[in-house]
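*Asks:* Right, I'll just put the structure down here and ask away after.
Protein chains: 2
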Amino acid sequence: MSVRVVLVDDHPVVRAGLSALISGTDDLEVVGEAHDLATARSVVAATRPDVVLMDLDLGEGPGGAAVTAELRALDEPPRVLVLTTYATEADILRALDAGASGYLLKDAPAPELFAGIRATARGETVLAPSVAATLVRRAASPGPVVTEREVAVLELLAQGLGNREMAKELFVSEATVKSHLSHIYTKLGVDTRAGAVAAAIERRIIRR
Amino acid sequence: MSVRVVLVDDHPVVRAGLSALISGTDDLEVVGEAHDLATARSVVAATRPDVVLMDLDLGEGPGGAAVTAELRALDEPPRVLVLTTYATEADILRALDAGASGYLLKDAPAPELFAGIRATARGETVLAPSVAATLVRRAASPGPVVTEREVAVLELLAQGLGNREMAKELFVSEATVKSHLSHIYTKLGVDTRAGAVAAAIERRIIRR
DNA sequence: CCCGGCATCATCCGATCGGCTATCCGACGG
DNA sequence: CCGTCGGATAGCCGATCGGATGATGCCGGG
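Sequence order for the protein chains is A and B.
Residue numbers for the first sequence follow UniProt numbering, beginning at 1 and rising by one.
Residue numbers for the second sequence follow UniProt numbering, beginning at 1 and rising by one.
Structure below.
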């Protein structure tokens, strides 16, 4: 009774690698692969896997978090184990919020990956050490944490948008954007837009 | 007489994937793997491969470009084919400057990858279409490169300094700072300070 | 020898930003 | 039921920015 796994990753090389690694075990089995949302939907529906290994960066189209959310909305949803390269606070929160059961990094050694898949199949939550650290830091610090909305502002800010443009993009008024910015400055300990972008990238709140 | 290949990538998954893919051919052969500079050095010395498949982002420590440069400095250097995820202009230039014979992206289909390895072994130069396009675009335009002074401004800018403060720091007038900023905006294709910081970090003009 | 790129500086002015104060609302928890 | 928090909104005002325009001096390549 092996654990049935579906791979979702836009890189053929990575899918082949995971396939090769997993085929070397006797209790894990790859039953399907997908490179985008549409394919993932149909493959999961057809194969009903125990665990979906999900990359967050799928190139064009919806990202892994969106795919995760959609898969988790199914009747008997598969457990989703995120396996990706980056781990900004925003990435992690978005993925877990979408219903992922775990979050591992691609530089994990194979045995750890296997253990993670098995644990996920059993319903446990697995987190890479650095991801756990990020979550702990976030939980432990009584300190200021940027809110979801503020992250959105930061992402637009990094694209060089002005307040008016951000407001339009976020469907709020310019006053609201300024309010968010003020909070961001306080929380990041800066007092300019440029400084906020640098600090946000530094702390991996956003990525480039 | 098969082509002997060494893999350099910090992700076990990717190495396994490439290994699996390459073992499916009858004229290519993986003779070694490495995940960092030190390992790459000894593995290449021991196996003397025809081609090294090089990832640029090796996590901690020296990047793939540095490893490439070091390998190319050997007596009978192997040809190096870069195989990576991202392809910013800076990445490409650094890699080619370090002596890489080609630059492919990880989302390339397997047959293309195999063809690239064979071509590299023959001494040809292989470039992914998007990489070629980037180089062409650059060659076509007498490309703007940020000057030393402009980099200095960018670094201060990323610290959130205002024009007056930058001027004081650089021992120039505020007008000069503004002049530099204007040039920076033009060269980076942005029109705000925040955008300039993001673009500069993205292109690795400044480091965080 | 002249041109172009780089660095420097100046002035002007409209647009934008940043800081401040204040209000309102829904959600969550004590 | 009340306090707190995230989020949205408003107005005000001085400081700053961004763009336009123009000028000077130096240096290196054609």
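We put the beta carbon where it would ideally sit given N, CA and C, even for glycine.
Would you say ASP91 of chain B reaches chain A, if we count a Cβ-Cβ gap shorter than 9 angstroms as a contact?
*Replies:* Here the question's residue 91 of chain B lines up with position 91 in the second sequence. Answer no: the Cβ-Cβ gap between ASP91 of chain B and chain A never drops below 9 angstroms.
*Asks:* Of the residues B:ARG164, B:ALA158, B:VAL43 and B:VAL177, which one's Cα is nearest the Cα of GLY195 of chain B?
*Replies:* Position 195 of the second sequence, counting from 1, holds the residue named residue 195 of chain B. Ranking B:ARG164, B:ALA158, B:VAL43 and B:VAL177 by Cα distance to GLY195 of chain B puts B:ALA158 first.
*Asks:* In terms of DSSP beta bridges, what is ARG4 of chain B paired with?
*Replies:* Position 4 of the second sequence, counted from the start, is the residue given in the question as residue 4 of chain B. ARG4 of chain B pairs with B:GLU29.
*Asks:* Near SER173 of chain A, which residues of its chain fall below 8 angstroms by C-beta distance, leaving aside the five closest residues on each side in sequence?
*Replies:* Taking the first sequence and counting its residues from 1, one reaches residue 173 of chain A at position 173. Cβ neighbours of SER173 of chain A beyond the five flanking positions: ALA167.
*Asks:* Figure out for me which residue from B:LEU81, B:ASN163 and B:LEU170 has the closest Cα to the Cα of LEU105 of chain B.
*Replies:* Sequence index remark: in the second sequence, residue 105 of chain B carries index 105 (1-based). Checked all of B:LEU81, B:ASN163 and B:LEU170; the closest Cα to LEU105 of chain B is B:LEU81.
*Asks:* When we look at the beta-carbon of ALA45 of chain B and count the other beta-carbons within 10 Å, is it buried (16 or more) or exposed?
*Replies:* Mapped onto the second sequence, residue 45 of chain B falls at position 45. Exposed, since its Cβ has fewer than 16 Cβ neighbours within 10 Å.
*Asks:* So, helix, strand or coil for GLY116 of chain B, using DSSP?
*Replies:* In the second sequence, counting from the first residue as 1, residue 116 of chain B sits at position 116. Here GLY116 of chain B sits in helix by DSSP.
*Asks:* How many Å lie between GLU112 of chain B and ASP97 of chain B at the Cα?
*Replies:* As a first step, residue 112 of chain B must be located in the second sequence, where it is residue number 112. As a first step, residue 97 of chain B must be located in the second sequence, where it is residue number 97. The straight-line gap from Cα to Cα measures roughly 23 angstroms.
*Asks:* Run the CB neighbour count on THR84 of chain B, radius 10 Å, all protein chains shown included, and call it buried at 16 or more, exposed below.
*Replies:* Position 84 of the second sequence holds residue 84 of chain B. Buried is the call here.
*Asks:* On the criterion of 16 or more Cβ atoms from any shown chain inside 10 Å, does GLY17 of chain A qualify as buried, or is it exposed?
*Replies:* As a working mapping, residue 17 of chain A is identified with position 17 in the first sequence. Classification of GLY17 of chain A: buried, given that the 10 Å Cβ count is 16 or more.
*Asks:* Does the beta-carbon distance from ARG149 of chain B to LEU127 of chain B come in below 9 angstroms?
*Replies:* Counted from its first residue, the second sequence places residue 149 of chain B at position 149. Counted from its first residue, the second sequence places residue 127 of chain B at position 127. The answer is no: Cβ separation not under 9 angstroms.
*Asks:* If you follow the alpha helix (DSSP H) that TYR185 of chain A is part of, which residue opens it and which one closes it?
*Replies:* Along the first sequence, one-based indexing puts residue 185 of chain A at 185. Run containing TYR185 of chain A: 174–188, per the alpha helix (DSSP H) assignment.
*Asks:* Who are the near neighbours of VAL3 of chain B in its chain, counting only those whose CB is closer than 8 angstroms to its CB and skipping five residues on each side?
*Replies:* In the second sequence, residue 3 of chain B corresponds to position 3, counting from 1. The residues are ASP27, LEU28, GLU29, ASP50, VAL51, ILE117, ARG118 and ALA121.
*Asks:* Tell me, please, whether the CB atom of PRO109 of chain A is closer than 9 angstroms to any CB atom in chain B?
*Replies:* Position 109 of the first sequence, counted from the first residue, corresponds to residue 109 of chain A. Yes - at least one Cβ of chain B is within 9 angstroms of the one on PRO109 of chain A.
*Asks:* List, in chain order, every chain B residue whose beta-carbon is nearer than 7 angstroms to that of LYS106 of chain A.
*Replies:* By one-based count along the first sequence, residue 106 of chain A stands at place 106. Under the 7 angstroms cutoff, chain B gives HIS11 and VAL13.
*Asks:* Is it right to say SER141 of chain B is buried, meaning 16 or more other beta carbons lie within 10 angstroms of its own, or is it exposed?
*Replies:* The sequence position of residue 141 of chain B within the second sequence is 141, counting from 1. Note on SER141 of chain B: pLDDT 46, under 50, position unreliable in the model; no value is reported.
*Asks:* Rounded to a whole number of angstroms, what is the C-alpha to C-alpha distance between LEU154 of chain B and ALA87 of chain B?
*Replies:* Counted from its first residue, the second sequence places residue 154 of chain B at position 154. Counted from its first residue, the second sequence places residue 87 of chain B at position 87. Computed Cα separation, rounded: 22 angstroms.
*Asks:* Can you pull the chain B neighbours of ILE205 of chain A, defined as C-beta to C-beta under 8 angstroms?
*Replies:* Along the first sequence, read from residue 1 onward, the residue named residue 205 of chain A stands at position 205. Result: empty, since nearest Cβ-Cβ is about 12 angstroms, beyond 8 angstroms.
*Asks:* For a test of the three-state rule: what should DSSP assign to THR85 of chain A, helix, strand or coil?
*Replies:* Locating residue 85 of chain A in the first sequence gives position 85, counting from the first residue. Correct three-state label for THR85 of chain A: coil.
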